[in-house]
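Trainee: Chains as they are written, first to last, in our numbering: chain A, 183 to 319; chain B, 2 to 184.
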């Protein structure tokens, strides 16, 4: 089954599967979207209606500004941008140089949970991408 | 020193980022990323947030240049970047399917800022059609009763871009003088 999964799934399917798993496993997350760095949706999962297309575009804007700031300060690549708000938290996190994870919670006290869950699933995705590139390992 | 904020907007591939890079006295702050959609047919990268550059005109005027993303899905940045702008430059790519439609779209989206300030229009990718091609833009603007200068430009040419910026800066100064006298 594991080997069949490695062969059968493309990147989009892998992202979709991972995002749905994240939604199942992390109650505090109300929505997750994987987007390209130029603002297109690759995969998404959510418990509530989200303005996904606009969020995708805005996510790419924020991550590019994050990278612009870190470049200016010679701090390397921007890993994530956090928007902490009156009614929730949004985390924009780089999965790969071309894909960004946007995750949301409506619980203002759940920043830590959202951040650690996002990191966990981003790490998991990168491991799976590596497996896809080297299937005979 | 006087500071003047100018926004450069226009459709994808019209030369906004290139124009600012051509003219800026400082390293340009840019937010270009790899394009993953039909923009790839035009160019490798696309602006997803903004470009920022500066140019000093004379001894006493610093022009701050803000370039907008061209793609419609980033239009929320247009209003953010245009806030406080004293002049708008609309760049049009003459080779697009309907540059007049593009012009109308940008005039409509930036009308609030243009009405309160000034605007110039730059037409890029004109090649050798110059004399005849530029007429259609003049005719269109005349029919709309709009009197903004129209410049054929190569966004890579520092002098051409500078002339356009200087013209807009002069218009802004004139308008400010007129407004001051009116008071």
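Note that the Cβ used here is the ideal one computed from N, Cα and C, for glycine as well.
I'd like the ranges of any beta strand (DSSP E) spanning at least 3 consecutive residues and lying wholly in the region 102-126 of chain B.
Mentor: Complete beta strand (DSSP E) runs here, min 3: 120-125.
Trainee: Since residue 66 of chain B and residue 85 of chain B are thought to touch, with beta carbons under 8 Å apart, how far apart are those beta carbons, to the nearest angstrom?
Mentor: Contact flag wrong, Cβ pair sits at about 13 Å.
Trainee: Residues of the region 30-45 of chain B in Cβ contact with chain A at a cutoff of 7 Å, in chain order, please.
Mentor: Against chain A - using a Cβ distance shorter than 7 Å - the residues of the region 30-45 of chain B are 30, 32, 34, 35, 36, 37, 38.
Trainee: Compare the C-beta of residue 285 of chain A against all C-beta atoms of chain B and say whether one is closer than 8 Å.
Mentor: It does not: the Cβ of residue 285 of chain A has no partner Cβ on chain B nearer than 8 Å.
Trainee: Can you tell me which of the three DSSP states residue 189 of chain A falls into?
Mentor: Its pLDDT being 35, under 50, residue 189 of chain A is placed unreliably by the model, and the measurement read from it follows with that caveat. If DSSP states are grouped into helix, strand and coil, residue 189 of chain A belongs with the helices.
Trainee: Does the beta carbon of residue 190 of chain A sit closer than 8 Å to a beta carbon anywhere in chain B?
Mentor: Confidence at residue 190 of chain A is low in this model, with a pLDDT of 40, below 50, so the placement of that residue is unreliable and no value is reported for it.
Trainee: Listed in chain order, which residues of the region 269-295 of chain A have Cβ atoms closer than 9 Å to some Cβ of chain B?
Mentor: Flagged, chain order: 279, 280.
Trainee: Compute the Euclidean distance between the alpha carbons of residue 68 of chain B and residue 207 of chain A, then round it to the nearest angstrom.
Mentor: In a straight line, the C-alpha of residue 68 of chain B is about 42 Å away from that of residue 207 of chain A.
Trainee: So, does the region 104-111 of chain B touch the region 19-39 of chain B, judging by three or more C-beta pairs under 8 Å?
Mentor: Too few Cβ pairs lie closer than 8 Å, so no.
Trainee: Could you tell me the alpha carbon to alpha carbon distance between residue 39 of chain B and residue 263 of chain A, rounded to whole angstroms?
Mentor: Roughly 28 Å between the two C-alpha positions.
Trainee: Applying the 10 Å Cβ sphere with the 16-neighbour rule, what's the burial state of residue 190 of chain A?
Mentor: Because residue 190 of chain A carries a pLDDT of 40, less than 50, the predicted location of this residue cannot be relied on, and the following value inherits that uncertainty. Under this definition residue 190 of chain A is an exposed residue.
Trainee: Could you tell me whether any Cβ in chain B is nearer than 8 Å to the Cβ of residue 265 of chain A?
Mentor: Chain B contact via Cβ: absent.
Trainee: Less than 8 Å between the C-beta atoms of residue 88 of chain B and residue 112 of chain B, yes or no?
Mentor: No, they are not a contact pair.
Trainee: Within a Cβ cutoff of 8 Å, which residues of the same chain sit near residue 270 of chain A, ignoring the five residues on either side of it in sequence?
Mentor: Within the same chain, residue 270 of chain A has close Cβ partners 212, 286, 287, 288, 289, 290.
Trainee: Cβ of residue 196 of chain A less than 8 Å from any chain B Cβ?
Mentor: No, residue 196 of chain A lies away from the interface with chain B (no Cβ there is under 8 Å from its Cβ).
Trainee: Applying the 10 Å Cβ sphere with the 16-neighbour rule, what's the burial state of residue 268 of chain A?
Mentor: Exposed, by the Cβ-count rule.
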